[in-house]
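Student: Sharing a structure below in structure tokens format, with a few things to ask.
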Amino acid sequence: MKHLTNIFLLATLLTFNSSCVQTTKTETDKETISKNSSNDSNTFKETPQKLKTIVDKISKINEVQQEHVGFGGSESENFKNFKQLKEIATTGELVLLTGNKNATVACYASWALADKSCPDLSVIFKKFIMQDRQVETFSGCIKSQDNISSELYHRYWNYIDDTKKPTDKILIQLDSIILFSQNPYWLLMTRAMENRVYQEPYKRQIAILAFQQGNRDAIYYLCNWHKAEYADKIKTALVQYLNKTAFKNTGTTDYYRTIEELFKFKDPQIRKLIISKMKKDRHWEMEKERFKYLLEDNNIYNIESE
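Residue numbering for the sequence shown follows the numbering used here, beginning at 763 and increasing consecutively.
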């Protein structure tokens, strides 16, 4: 509960006096948002009567579809339903639907709120993080299963120009929730770390993620922005990460980044550890030429003879 309290306080502190872009917004909508936001996050909400038909259509397909799917790139049926939902539902009704028992309906309702830049988006996002529900997704030619928290985040994230992401008020709220959440989805953590350079209390929290929880994105973030301040701790964290990680599970990019950062310390003992690891964990051979150049830059021409 302590973690959830921290999330709520930070989201509250970062709430700004902007308003949803909706010409039909009423005071009733505002009251509904406030009332629904305070309700228990695991209590599913009833569907407003006027939305039952469109909600039933979305539920029947039960897949979060992007606008264009399949080989022909035709407009998907559920995206058409989403557009209709966004057009006829008020902001308050959309907030209510984010608590629908059908995760696809909840996800599309959150998309509509994201498209309106609703200032209460952080409250919905926090609820989704806590629930950790998943939906079937269909984008282009790819079908997958994703967290609705990630779907909401990326709907808004993709809407914001890259140059505005460091200062966007709503995105700052969402990222603060990610940083102070327990075991956040890795892609959300990656996005939060990439969006901006953080000051306190975020920098302190990132250090906790890096050095107490061994979060790789947090370690890499500190390598980029605070290496001088945390040099010894970064070295220790990277060595631990190198030793414990089977890179077939995380990929060659992660493998490369880890040893690249470790080589920068110019430490003979770390050099030996890297060579030993690469002899045992051969996943780097999937991109052999790339790693070969990195080794040669550090005066290693044949790891087998080292």
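Even for Gly, the Cβ is constructed at its ideal location relative to N, Cα and C.
Counting beta carbon pairs with one atom in the stretch 1012-1027 and one in the stretch 1048-1061, are three or more of them shorter than 8 Å?
Tutor: Flag = yes, the stretch 1048-1061 and the stretch 1012-1027 touch.
Student: Identify whether K905 lies in helix, strand or coil by the three-state DSSP scheme.
Tutor: Looking at K905 - three-state DSSP - the assignment turns out to be strand.
Student: Who are the Cβ neighbours of N1005 in its own chain at under 8 Å, not counting the five residues just before and after it?
Tutor: L1035 and K1039, listed in sequence order.
Student: In terms of residues, what are the limits of the alpha helix (DSSP H) holding V1093?
Tutor: This structure does not reach residue 1093, given that the chain is present from 763 up to 1068, and the question cannot be answered.
Student: With DSSP run on the structure shown, which of helix, strand or coil describes S943?
Tutor: Looking at S943 - three-state DSSP - the assignment turns out to be coil, as it is neither helix nor strand.
Student: Quick check on the burial criterion: 16 or more other C-beta atoms within 10 angstroms. Buried or exposed for M741?
Tutor: Beyond the ends of the chain as shown, which are 763 and 1068, falls residue 741; an answer cannot be given.
Student: Beta carbon of I996, beta carbon of I1037: below 8 Å?
Tutor: No, these two residues do not count as a Cβ contact at 8 Å.
Student: Bridge partners for S836 per DSSP, in chain order?
Tutor: Bridge partners of S836: V831.
Student: Put F900 into one of helix, strand or coil per three-state DSSP.
Tutor: The answer is strand: DSSP assigns F900 an E or B state.
Student: Just list the alpha helix (DSSP H) runs in the stretch 833-873, keeping only unbroken ones of 4 residues or longer that don't cross its boundaries, in chain order.
Tutor: With a minimum length of 4 residues, the continuous alpha helix (DSSP H) runs that stay inside the stretch 833-873 are 839-850 and 853-859.
Student: Check for me: the alpha helix (DSSP H) holding F1027 runs from which residue to which?
Tutor: It is not in any alpha helix (DSSP H) - F1027 carries neither H nor E in the DSSP assignment.
Student: Per DSSP, what kind of secondary structure is R958 in: helix, strand or coil?
Tutor: Coil.
Student: Counting along the chain, where does the alpha helix (DSSP H) carrying T1012 start and finish?
Tutor: Counting along the chain, T1012 falls outside any alpha helix (DSSP H), and DSSP gives it neither H nor E.
Student: I'd like to know whether the C-beta atoms of I816 and N840 end up nearer to each other than 8 Å.
Tutor: The answer is no: Cβ separation not under 8 Å.
Student: With respect to the alpha helix (DSSP H) encompassing N975, which residues constitute its N-terminal and C-terminal limits?
Tutor: Checking the sequence shown, residue 975 turns out to be Gln, not Asn. Per DSSP, Q975 belongs to no alpha helix (DSSP H) and is neither H nor E.
Student: For K878, which three-state DSSP category applies?
Tutor: DSSP places K878 in coil when its eight states are reduced to three.
Student: If you draw a straight line from the C-alpha of R895 to the C-alpha of V867, how long is it?
Tutor: The straight-line gap from Cα to Cα measures roughly 12 Å.
Student: What does the alpha-carbon distance come out to for the pair R1081 and Q811?
Tutor: In the structure as shown, the chain begins at 763 and stops at 1068. Residue 1081 is therefore absent and cannot be evaluated.
Student: State buried or exposed for Q975, treating a residue as buried only when at least 16 other CB atoms are found within 10 Å of its CB.
Tutor: By the 10 Å Cβ count, Q975 comes out exposed.
Student: Hey, quick one: how far does the alpha helix (DSSP H) through Y918 stretch, first residue to last?
Tutor: First-last of the alpha helix (DSSP H) with Y918: I910 to Y921.
Student: Does the beta carbon of I970 come closer than 8 Å to any beta carbon on chain C?
Tutor: Structure shown: chain C not included; a single protein chain is present.
Student: For E913, count the other beta carbons within 10 Å of its own beta carbon; 16 or more makes it buried, fewer makes it exposed. Which is it?
Tutor: So E913 ends up on the buried side.
Student: Leaving out five residues on either side along the sequence, give the residues of the same chain with a beta carbon under 6 Å from the beta carbon of K1010.
Tutor: Excluding sequence neighbours, K1010 sits near H1045.
Student: Give me, in chain order, the residues of the same chain whose beta-carbon lies closer than 7 Å to that of F887; leave out the 5 immediate sequence neighbours on both sides.
Tutor: S911, L914, Y915, L936 and I939.
Student: Going by beta carbon distance, what residues of the same chain come within less than 6 Å of N824, once the five residues before and after it are set aside?
Tutor: If we look at N824 and ignore the five residues flanking it on each side, its Cβ neighbours are T866.
Student: Determine the extent of the alpha helix (DSSP H) in which T815 is found, giving its start and end residues.
Tutor: Run containing T815: K814 to I823, per the alpha helix (DSSP H) assignment.
Student: Determine the burial state of F942: buried for a count of at least 16 other Cβ atoms within 10 Å of its Cβ, exposed for fewer.
Tutor: Buried.
Student: DSSP three-state call for Y992: helix, strand or coil?
Tutor: Reduced to three states, the DSSP call for Y992 is helix.
Student: DSSP three-state label for T952, please.
Tutor: T952: helix per DSSP, three-state reduction.
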